[in-house]
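Q: Residue numbers (my numbering), protein chains in the order written: chain A, 14 to 93; chain B, 1265 to 1907.
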Amino acid sequence: MSSADDITERVRGVMADLFQVDRAAVGLESSRETIPDWDSANHLTLVLALEEDFGVTFDVGEIETMLSLQDIVAVLLGKT
Amino acid sequence: MTEAATKRAPASPGARGLREAVTSAVGNGSLWQAVQAARLLLEADSGAGTLRFLSRLVQGTPQTKLALREVRVGLLSSFSIEFARDALVALGLASGLRIEIYQAPFGSFRQEILDSASGLYAFAPHAVVLAVESGAWLPMDAPQGASADALLAEVASLAAKFRARSSAALLCHNIPLPRWPAPTVAVDAPSLDDLSFVTACNAGLRMLAAESADFYVVDYAALVNRVGHDRWFDDRMRLYARAPVAQANYAVLAREYVKFARGLVGLTRKCLVVDLDNTLWGGILGEDGIDGVRLGADYPGSAFVEFQHFLARLQARGVILAIASKNNPGDVEQMFSQHPFMVLKAESFSSRQVGWQPKSESLMAIARDLNIGLEHIVFVDDSTFECEHVREALPEVTVIQLPAEPADYVSAISRDGWFDALSLSSEDRRRGELYKQRDLAESIRSTASNLEDFYRQLGMEITIAPVNDASRKRTAQLTQKTNQFNVTTRRYTEAEIERIQSDPLWTVCTVAVRDKFGDNGIVGVILAVERGDALEIDTLLLSCRVIGRTVETAMLACLCDVARRRGCSKIVGSILPTDKNAPVRDLFRRHGFQDRGSNATSAGAWELALSRGAIAYPPWFRLEISEVLTPASNEGQHRSVQR
């Protein structure tokens, strides 16, 4: 579909949108520890928003590993 | 255009600009600009990011900054409903509401209702959603094909316990058909038939709603049906996170709740103003002529015929129709009277503004004509220019721009349910007709040489009676939606009315008015309470369709009688000023009440000592006053006086 950089930027956009933070504040290492709003309910909201945005479906195993921007991009790369 | 499939375009340039527009309107405290900008943003992008953005914006804006109408909603559910929260607050903003949410942990709906010390009751909700799946109503070990009666008994019992503790509206989900119904080939075993079970449950819930005050059915089955089972549900999330509804559909569900919230605070829209060219028919009447416009048995004319039928059904439900069109009045008259496929007649429209003036002026004329607020008007037009113009000039008006495809017109108007009322009274069904009668009355007014002659010519008959089972719904409805001639604008639910009615200190009555043009039905409400030697006016309101006919004087005369009967020496009242109630502001002053000089909004700021002379019924009314509302000396005789 597209390069790792493109995917990273798109995910960054979705995350910034949902956690209401600046795009610049979302780094590759950003995770549930560093973003206060990233709780378990918001994790699902994020994952489902990504599904809609990328037109993919994650299985529960994947959902549970998507714990940082880097991890999310890795899962998405595996699907494209 | 399907609502669940709206493509998510996070932070697209358009959506970014629209977000800035909302933020800036909120920053300026411009209520209707903010509401309208939120609506436009949601039309452009209703993804999770937008919903979160709007929801945070509302939560971060104090009530003093933006005068949204507050509605407190309790969410009780058998599944994770928190995914609906952002959508509920965001869509509330787009309707002029500040929705505050109390959410109980899923599955705790019984405890929340049964425990009078629960968080739900402490939250003091205006409305409580009962989003419970059929499986959660019945015990886990219920036999397969458990009877609908068992489920209904459970719902009724919980609803009764709730009602004993709260007068909030209860919004109960009905039950969707199962996605994979059990095989029903064995037609001789109806107890095992999923479909009959669901049908019986939903019919029973409707019955319960009809019999109980402020119990409403959220037609969840219809939502699932419209979106489709396969797209509505997400089995993976149901099992993993107890979130059975696919993410995008939580907004569809929230929109349904918002309709109820609008109804509770009187923001249900009352009037639909339509354009004519490319709206009621295809093409331009002035250019294509009667024979050239598209309206008939074949597409695209068939789409316009269907749209007209849809408008006729709205009218039958009590929505007032009006026209704002740039056209030659003669052409339009001819179209209405001669085109064989016109479903609507010129008389279907209670106000017709056909000419070359700007549409904003037409809309203001319609609002004046019908005596309704701009915020109760929905304006529909195919032209981007006209829609933009009206949004800009009259932000209170709800503007719907029609899609290019005429076959989608009905969906475009139905989607947000702007006209979905909590209940339909017989007055609603006749409203269009009543407004027409009012127009006739206006024309008499312009010929009557003076006001008293006008009142006499109207031949008015006024009936004042205690609220009864038949009039309670209408009474609550009037308190919920009357904004202009309303001294305190206190909103009451049916359950609350029923409660104060049972208190002997309260007088709770309705006012109905007939005149030579017809029966206006119940148009006024009086709620008053005896406090010591004073009779305090809690609520005194009059529908705008009978403002300016001295009905209010008759209502105050009635209160004087009630005060005497109760042995009170004075009547006290207050005006709580709102944006809308200018017409009622001088009510007490012009009826001889003394300003006690205290804080103008405090209870009993105005006082009328009965020793100084009571207010008399104006002589032009024929009176039908229930005897319990007359002075004790008249007891035993029904007062029916022709003066």
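We put the CB at the ideal spot given by N, CA and C, even for glycine.
Given V1826/B, which residues of its chain have a CB within under 7 Å of its CB, disregarding the five upstream and five downstream residues?
A: Cβ within range, chain order: T1771, A1792, L1799, L1893.
Q: Confirm the yes/no value for this check: CB of A1818/B, any heavy atom of the ligand FMN, distance under 7 Å.
A: With respect to the ligand FMN, the structure shown offers nothing to examine, as it has no ligands at all.
Q: By the 10 Å Cβ neighbour count, where 16 or more other Cβ atoms means buried, how is P1389/B classified, buried or exposed?
A: So P1389/B ends up on the buried side.
Q: Can you look up H1437/B in the DSSP assignment and give me helix, strand or coil?
A: It is a strand residue.
Q: Check distances from the C-beta atoms of the stretch 52-65 of chain A to those of chain B and list, in chain order, the residues that come in under 7 Å.
A: Taking 7 Å as the Cβ-Cβ cut-off against chain B, the residues of the stretch 52-65 of chain A that qualify are A54, L57, T58, L61, A62, E65.
Q: Spatial neighbours of S43/A within its chain, please: C-beta separation below 8 Å, excluding the five flanking residues on both sides.
A: Cβ neighbours of S43/A beyond the five flanking positions: M28, S81, L82.
Q: Could you give the C-beta distance for A1395/B and Y1514/B, rounded to a whole number, given that I count them as a contact under 8 Å?
A: Between Y1514/B and A1395/B the Cβ distance is about 11 Å, and since that is not below 8 Å, they are no contact.
Q: So, is E1284/B buried or exposed, given that buried needs 16 or more other C-beta atoms within 10 angstroms?
A: Per the 10 Å Cβ criterion, exposed.
Q: Output the distance between the C-alpha atoms of G1399/B and S1344/B, rounded to the nearest integer angstrom.
A: Between G1399/B and S1344/B, the C-alpha separation is close to 15 Å.
Q: For L1578/B, name the three-state secondary structure that DSSP assigns.
A: Three-state DSSP puts L1578/B in a helix.
Q: Determine whether the beta carbon atoms of C1808/B and N1542/B lie at a separation below 8 Å.
A: Contact: no.
Q: Using 8 Å as the threshold, is the stretch 1514-1532 of chain B in touch with the stretch 1354-1372 of chain B, meaning 3 or more CB pairs across them?
A: Touching, yes, given that three or more Cβ pairs across the two stretches are closer than 8 Å.
Q: Going by CA-CA distance only, name the one from I1790/B, L1874/B, T1814/B that's closest to G1723/B.
A: Residue T1814/B is the option with its Cα nearest to G1723/B.
Q: Report yes or no: is there a C-beta of chain B within less than 8 Å of the C-beta of L90/A?
A: So, not an interface residue.
Q: Quick check: F1347/B and R1533/B, are their CB atoms within less than 8 Å of each other?
A: In this structure, R1533/B does not lie closer than 8 Å to F1347/B by Cβ.
Q: Give me the subset of the stretch 1293-1325 of chain B whose CB atoms are less than 9 Å from a CB atom of chain A, sorted by chain position.
A: For the stretch 1293-1325 of chain B, which is checked against every Cβ of chain A, the residues closer than 9 Å are G1311, A1312, G1313, T1314, R1316, F1317, R1320.
Q: Which same chain residues end up closer than 8 Å to I1811/B when comparing Cβ atoms and leaving out the 5 residues on each side of it in sequence?
A: Excluding residues within five positions, the ones whose Cβ falls inside 8 Å are N1635, Q1748, F1749, P1847.
Q: V73/A: buried (16+ other C-beta within 10 angstroms of its C-beta) or exposed?
A: It counts as exposed.
Q: Could you pull out every residue in the same chain whose Cβ sits closer than 6 Å to the Cβ of D1478/B, ignoring the five residues on either side in sequence?
A: For D1478/B, where only same-chain residues beyond five positions count, the Cβ hits under 6 Å are A1433, T1757, E1758, A1759.
Q: Is W1401/B helix, strand or coil by DSSP?
A: Three-state DSSP puts W1401/B in a helix.
Q: Taking DSSP as the reference, what is the three-state secondary structure of I1363/B?
A: Three-state DSSP puts I1363/B in a strand.
Q: How would you list, in chain order, the residues of chain A whose beta-carbon sits under 7 Å from the beta-carbon of F1347/B?
A: The contacting residues are T58.
Q: Once DSSP output is grouped into helix, strand and coil, what is the label at R1849/B?
A: In this structure, R1849/B counts as coil in the three-state DSSP scheme.
Q: Do we get a CB-CB distance below 8 Å when we pair E1888/B with the residues of chain A?
A: For E1888/B, the answer is no, since every Cβ of chain A falls outside 8 Å of its Cβ.
Q: Could you tell me whether the Cβ of D123/A comes closer than 8 Å to any Cβ of chain B?
A: Shown here, chain A extends from 14 to 93; a query on residue 123/A therefore has no answer.
Q: In this structure, does DSSP put V1607/B in helix, strand or coil?
A: Coil.
Q: From which residue to which residue does the alpha helix (DSSP H) around P1622/B run?
A: P1622/B -> no alpha helix (DSSP H), and no H or E assigned at all.
Q: From A1505/B to D1499/B, what does the alpha carbon distance come to, in whole angstroms?
A: Those two C-alpha atoms are separated by around 10 Å.
Q: Step through the CB atoms of chain E and report whether any lies within less than 8 Å of the CB of A1285/B.
A: Absence of chain E from the displayed structure is noted, the protein chains being A and B.
Q: Answer with yes or no whether the minimum CB distance from V27/A to chain B is below 8 Å.
A: So yes, V27/A belongs to the interface.
Q: Within 8 Å of any Cβ in chain A, is that where the Cβ of Q1367/B sits?
A: It does not; no Cβ of chain A falls within 8 Å.
Q: Closest to S1319/B by CA distance: which of T93/A, D30/A, V24/A, R36/A is it?
A: Residue D30/A is the option with its Cα nearest to S1319/B.
Q: Taking DSSP as the reference, what is the three-state secondary structure of V1815/B?
A: Note: V1815/B maps to helix in three-state DSSP.
Q: What does V39/A reach in chain B if we use C-beta pairs closer than 7 Å?
A: Those do not exist, as V39/A stays about 13 Å from chain B at its closest Cβ, beyond 7 Å.
Q: Should R25/A go down as buried or exposed, given a rule of 16 or more other Cβ atoms within 10 Å for buried?
A: It counts as buried.
Q: From the beta carbon of A1512/B, is the nearest beta carbon of chain A less than 8 Å away?
A: Yes, because at least one Cβ of chain A sits closer than 8 Å to the Cβ of A1512/B.
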